[in-house]
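>
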Amino acid sequence: MADTIREFRFIPLSPVHIGSGETLAPENYVLSPDGGELIAIDTRALVRALNDQGRQKYEAHLEAGELAEALDFIRKFFTAVQTRAGGKRTPFELYRIQLGKKAIREVRRAVDDPLQRKGEIHALQRNPYTGDVVIPGSSIKGAIRTAVLSVNVNPGGQKDPAVERELKHTPDHRKARRLEELGFAYDPKHLEADPFRLVEVSDTAWPAGAVRIDRAEVRNPSRPETKPEGMQLHYERLVSQADNVSLPECRLRIQLNEEALWDVRVKALIKRPIDWDKLANDCNTFFSGRFNAEWTTFEAILPDRQRWYPEMQPGDILLRVGRHSHFDSLSVDNFRQGWNIQAKRPIYEIGSTRTLCELAGGGWAPFGWVLLRPV
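Each residue of the sequence shown is one higher than the one before, starting from 17 at the first, in the numbering used here.
(1) What would DSSP say about E315, mapped onto helix, strand or coil?
(2) I'd like to know whether the C-beta atoms of F314 and V169 end up nearer to each other than 8 Å.
(3) Using beta-carbon positions only, say whether G35 and H138 come within less than 8 Å of one another.
(4) Measure the alpha-carbon distance for A56 versus L334 and round it to whole angstroms.
(5) Tell me, please, whether the segment 202–213 touches the segment 255–263 by the rule of three or more beta-carbon pairs shorter than 8 Å.
(6) Following the continuous alpha helix (DSSP H) through F89, name the residue where it begins and the one where it ends.
(7) Measuring alpha carbon to alpha carbon, tell me which residue in K117, P289, S238 and V282 is nearest S368.
(8) Would you identify the three-state DSSP class for E136, choosing helix, strand or coil?
(9) Given this structure, state the Cα-to-Cα distance separating A316 from L249, to the nearest angstrom.
(10) Thinking G116 and E374 are a contact (beta carbons under 8 Å), I'd like their distance in whole angstroms, please.
(11) Tell me the rounded alpha-carbon separation between K92 and A86.
(12) Since E180 is in the alpha helix (DSSP H), which residue starts that stretch and which ends it?
(13) Which class does G367 belong to by DSSP, given the choice of helix, strand or coil?
(14) When you compare the CB positions of C266 and R22, do they come within less than 8 Å of one another, or not?
(15) Between the C-alpha atoms of V167 and G199, what's the straight-line distance to the nearest angstrom?
(16) Would you mind reading off the limits of the beta strand (DSSP E) that contains A381?
(17) With distance defined between alpha-carbon atoms, name the residue in P362, Q72 and F307 nearest to L13.
(18) Quick one: what does DSSP say D188 is sitting in, helix, strand or coil?
(19) So the beta strand (DSSP E) D128 belongs to, where does it begin and stop?
(20) What separation, rounded to the nearest whole angstrom, lies between the Cα atoms of D320 and G377?
(21) Near Y45, which residues of its chain fall below 7 Å by C-beta distance, leaving aside the five closest residues on each side in sequence?
(22) Here's the rule I'm using: 16 or more other beta-carbon atoms within 10 Å means buried, otherwise exposed. How should E310 be labelled?
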């Protein structure tokens, strides 16, 4: 019987943020009594639960442009409801999440003065019924696809000259798509010949209690002592090996339809098939290269880097996923061509900055490094 489905443990080596594109604003949360947790609240449901007198007061604040007072009114109502419930969770509480040291300061300022502080927090995708984080299989599959493509167009680690020649005659807006067609050997009119149509990665759930909110900063190794500039960035993110905390048991499944690959009709259609060994080896080849490039290039701003080093075991797959994975980990070796806006120059290998996330107990790490470990 074909070994079509394999199960893996999902292990974040460094903080991971696979966002929903949504943000939490001050009207969407309150602070716990001790100030160490953010409590996401259902503001609309709270407003609907107000009695007539309460709703009139709330609307009066809004009509007078008194946003801070309106928010304070809703927060006090939430606190009163919680008190009546004896401290038990009520339907108005969506989930709770621990705040990092630097994040606490900014979130408290946003609560105290919402007119001066946006207080936005980039949110993770969540199951609305349980509050658990959803890790989309599409993100994992996308990272695997990039790795396999990179290896395909760099046989023996060298740029394929035939691919290079073809891309020279391809318009810029078509280069990325054409690279995939060449790397996976399929005709754009026959997408069914794309080998990744036979690969599926399941979504999986990450426990709500194993999430933190932390500050992110853009760092430049040429100026490691310079105070980061720009707007405040705060993210919900998964706890990781780099935090030196215990990690939950989170599993996902990858299906590779080997049985279909044995079919003579499929063999005739798919010119560059994928098996389990190729999938794992290509991921480890590509992402180990990106990991090592980041490890050495940004040594000056990664003093805590040993904390997220991947201690590989047989069968492990190294990946990088989610927000702030950086252009070099999202593009193909020897064919990447990005643009550094600040330096006004193209990027062929690796960028000049990293976005780092604060860690539990202090220190900083880059985003997105994970291991898939066979179960």
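Glycine included, every Cβ here is placed at the ideal spot set by N, Cα and C.
Short version:
(1) Along the sequence shown, read from residue 1 onward, the residue named residue 315 stands at position 299. Helix.
(2) The residue labelled residue 314 in the question sits at position 298 within the sequence shown. The residue labelled residue 169 in the question sits at position 153 within the sequence shown. No, Cβ-Cβ distance for F314 and V169 is not below 8 Å.
(3) Within the sequence shown, residue 35 is the residue found at index 19, counting from 1. Within the sequence shown, residue 138 is the residue found at index 122, counting from 1. Against a cut-off of 8 Å, the Cβ pair of H138 and G35 comes out as a contact.
(4) By one-based count along the sequence shown, residue 56 stands at place 40. By one-based count along the sequence shown, residue 334 stands at place 318. Between A56 and L334, the C-alpha separation is close to 33 Å.
(5) no
(6) The residue given as residue 89 occupies position 73 in the sequence shown. L83 to R100 is the span of the alpha helix (DSSP H), which, as asked, contains F89.
(7) If you number the sequence shown from 1, residue 368 lands on position 352. Taking only the C-alpha atoms, the option nearest S368 is S238.
(8) Taking the first residue of the sequence shown as 1, we reach residue 136 at position 120. Correct three-state label for E136: coil.
(9) Position 300 of the sequence shown, counting from 1, holds the residue named residue 316. Position 233 of the sequence shown, counting from 1, holds the residue named residue 249. Each residue's alpha carbon lies about 22 Å from the other.
(10) Here residue 116 refers to the residue found at position 100 when the sequence shown is read from its first residue. Here residue 374 refers to the residue found at position 358 when the sequence shown is read from its first residue. Right, the Cβ-Cβ distance comes to about 5 Å (below 8 Å), so this counts as a contact.
(11) Along the sequence shown, read from residue 1 onward, the residue named residue 92 stands at position 76. Along the sequence shown, read from residue 1 onward, the residue named residue 86 stands at position 70. Going by the C-alpha atoms only, they are around 10 Å apart.
(12) Walking along the sequence shown from the start, residue 180 turns up at place 164. Residues P177 to K184.
(13) Counting from one through the sequence shown, the residue named residue 367 turns up at place 351. Here G367 sits in coil by DSSP.
(14) Position 250 of the sequence shown, counting from 1, holds the residue named residue 266. Position 6 of the sequence shown, counting from 1, holds the residue named residue 22. With respect to the 8 Å criterion, C266 and R22 are not classified as neighbours on the basis of their beta carbons.
(15) Taking the first residue of the sequence shown as 1, we reach residue 167 at position 151. Taking the first residue of the sequence shown as 1, we reach residue 199 at position 183. Rounded to the nearest angstrom, the two C-alpha atoms are 9 Å apart.
(16) Here residue 381 refers to the residue found at position 365 of the sequence shown. It spans W380 to P382 - the beta strand (DSSP E) in which A381 sits, taken as one unbroken run.
(17) This structure cannot speak to residue 13, because the chain is shown only from 17 to 391.
(18) Position 172 of the sequence shown, counting from 1, holds the residue named residue 188. DSSP places D188 in helix when its eight states are reduced to three.
(19) Counted from its first residue, the sequence shown places residue 128 at position 112. Careful: D128 lies outside any beta strand (DSSP E), inside the alpha helix (DSSP H) at K117 to D128.
(20) As a position in the sequence shown, residue 320 is number 304, starting the count at 1. As a position in the sequence shown, residue 377 is number 361, starting the count at 1. Taking the straight line from one Cα to the other gives about 12 Å.
(21) By 1-based counting over the sequence shown, the position of residue 45 is 29. Answer for Y45: L54, I55, A56 and I57, listed in chain order.
(22) By 1-based counting over the sequence shown, the position of residue 310 is 294. By the 10 Å Cβ count, E310 comes out buried.
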